[in-house]
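Taking my numbering, the leading residue of the sequence shown gets 14, the next gets one more, and so forth. One structure is given here, and the rest of the page talks about it.
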Amino acid sequence: MRGDRGARRGARSASSRAAGDPGLDLFLDPLFALANAPLEEARPAPATVRELPASAPGESAETAIPVSILNQTAKEVLQGAFPKLWVSGEVSDFKRHRNGHWYFCLGDGEAQIRCVVWSRDQRRIPASPDEGMQVTVLGQLTVYPARGDMQLVVTDMEAEGDGLTRKAIEQVLRRLEADGLLAPERKRPLPRFPRRIGVVTSPDGAAIRDIIAVARRRWPGIEIVVVPAAVQGDGAPDELCAALDRLARWRD
Numbered sequence: 014m015r016g017d018r019g020a021r022r023g024a025r026s027a028s029s030r031a032a033g034d035p036g037l038d039l040f041l042d043p044l045f046a047l048a049n050a051p052l053e054e055a056r057p058a059p060a061t062v063r064e065l066p067a068s069a070p071g072e073s074a075e076t077a078i079p080v081s082i083l084n085q086t087a088k089e090v091l092q093g094a095f096p097k098l099w100v101s102g103e104v105s106d107f108k109r110h111r112n113g114h115w116y117f118c119l120g121d122g123e124a125q126i127r128c129v130v131w132s133r134d135q136r137r138i139p140a141s142p143d144e145g146m147q148v149t150v151l152g153q154l155t156v157y158p159a160r161g162d163m164q165l166v167v168t169d170m171e172a173e174g175d176g177l178t179r180k181a182i183e184q185v186l187r188r189l190e191a192d193g194l195l196a197p198e199r200k201r202p203l204p205r206f207p208r209r210i211g212v213v214t215s216p217d218g219a220a221i222r223d224i225i226a227v228a229r230r231r232w233p234g235i236e237i238v239v240v241p242a243a244v245q246g247d248g249a250p251d252e253l254c255a256a257l258d259r260l261a262r263w264r265d
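Rendered as structure tokens:
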């Protein structure tokens, strides 16, 4: 019976197609086309192309770097790795360039390093060092790119004892003597009992209190004129000179 039913359904389907049923054609035609389509050969998936990363600068002959780039990179690495350092040693080969910069070597008997003091930084240093002087310098380790030399850029310097300060005072005295300012005939006689004393110093230090106490004890009627000025630091020389100029122009 089931076979009869299938035969009858097949007969109806055939009769429907013979009768030109459009709905059935729309359903069967795609299936028929799909079932009878020729088989296609399987196509391989396209290959994935991976580009190898390029070599970093300097890792191969093809990526070689110029000497200028090498030296500049070394300078940046050194300055980034080392903060300013205090270094001690003996001065040798000191030279003063015509542009005002100082060049010298600092050594300890086993090694040495080139040093430079730019002219703008010399105001912090009392005097230039002498050959063979033991000094302690504050500087930044760096590389001079033009020659690839490692050097220490010095911004401050101290000598053992009072070496630099004593040398600076001696230089000033020699200059004053050469100008005739230390000649006896140029000196003004000091009064036996002065009525007024000018003092240039820091108003906040203990020195001014000691000066006033001693002056009052020895000469109670003395007048003391205090002109404040910094006595240490970068701005001290200018402030001291300005204070002395004010005293020189003082009028009753």
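Built from N, CA and C at the ideal position, the CB exists for glycine as well.
Beta-carbon within less than 7 Å of residue i's beta-carbon, same chain only, minus the 5 sequence neighbours each way: which residues are those?
{"i": "Tyr157", "result": "Gln164"}
{"i": "His114", "result": "Val129, Val130, Trp131, Ser132"}
{"i": "Arg259", "result": "Val240"}
{"i": "Asn84", "result": "Val156, Pro158, Gly161"}
Does DSSP put residue i in a helix, in a strand, or in coil?
{"i": "Asp217", "result": "coil"}
{"i": "Arg201", "result": "coil"}
{"i": "Arg259", "result": "helix"}
{"i": "Gly161", "result": "coil"}
{"i": "Glu72", "result": "coil"}
{"i": "Ile78", "result": "coil"}
{"i": "Leu186", "result": "helix"}
{"i": "Gly120", "result": "strand"}
{"i": "Arg208", "result": "coil"}
{"i": "Asp106", "result": "strand"}
{"i": "Ile224", "result": "helix"}
{"i": "Leu91", "result": "helix"}
{"i": "Arg127", "result": "strand"}
{"i": "Ala140", "result": "coil"}
{"i": "Leu270", "result": "With the chain covering 14 to 265 only, the question about residue 270 has no answer from this structure."}
{"i": "Asp251", "result": "helix"}
{"i": "Gly145", "result": "coil"}
{"i": "Gln153", "result": "strand"}
{"i": "Ala172", "result": "strand"}
Sorted by chain position, which residues of the same chain lie with C-beta nearer than 6 Å to residue i's C-beta, five sequence neighbours on each side aside?
{"i": "Lys180", "result": "Ala140"}
{"i": "Lys200", "result": "none"}
{"i": "Ile126", "result": "Leu119, Leu165"}
{"i": "Gly71", "result": "Ile78"}
Of all the CB atoms in chain D, is at least one closer than 7 Å to the CB of residue i?
{"i": "Gly152", "result": "Here chain D cannot be found, since the structure has a single protein chain."}
With a threshold of 8 Å on Cβ separation, who are the neighbours of residue i within its own chain once the five nearest residues in sequence on each side are excluded?
{"i": "Phe107", "result": "Trp115, Tyr116, Phe117, Ser141, Pro142, Asp143, Glu144"}
{"i": "Glu198", "result": "none"}
{"i": "Ala255", "result": "Ala242"}
Could you round the C-beta distance between residue i and residue j to whole angstroms and report it? I think they count as a contact, below 8 Å.
{"i": "Ile224", "j": "Val238", "result": "At roughly 12 Å, the Cβ-Cβ gap does not stay under 8 Å, so Ile224 and Val238 are not in contact."}
{"i": "Ala242", "j": "Thr214", "result": "7 Å"}
{"i": "Glu171", "j": "Arg209", "result": "That pair is no contact at about 38 Å."}
{"i": "Lys88", "j": "Gln153", "result": "Wrong, their Cβ atoms sit about 11 Å apart, outside the cutoff."}
{"i": "Gln147", "j": "Glu173", "result": "5 Å"}
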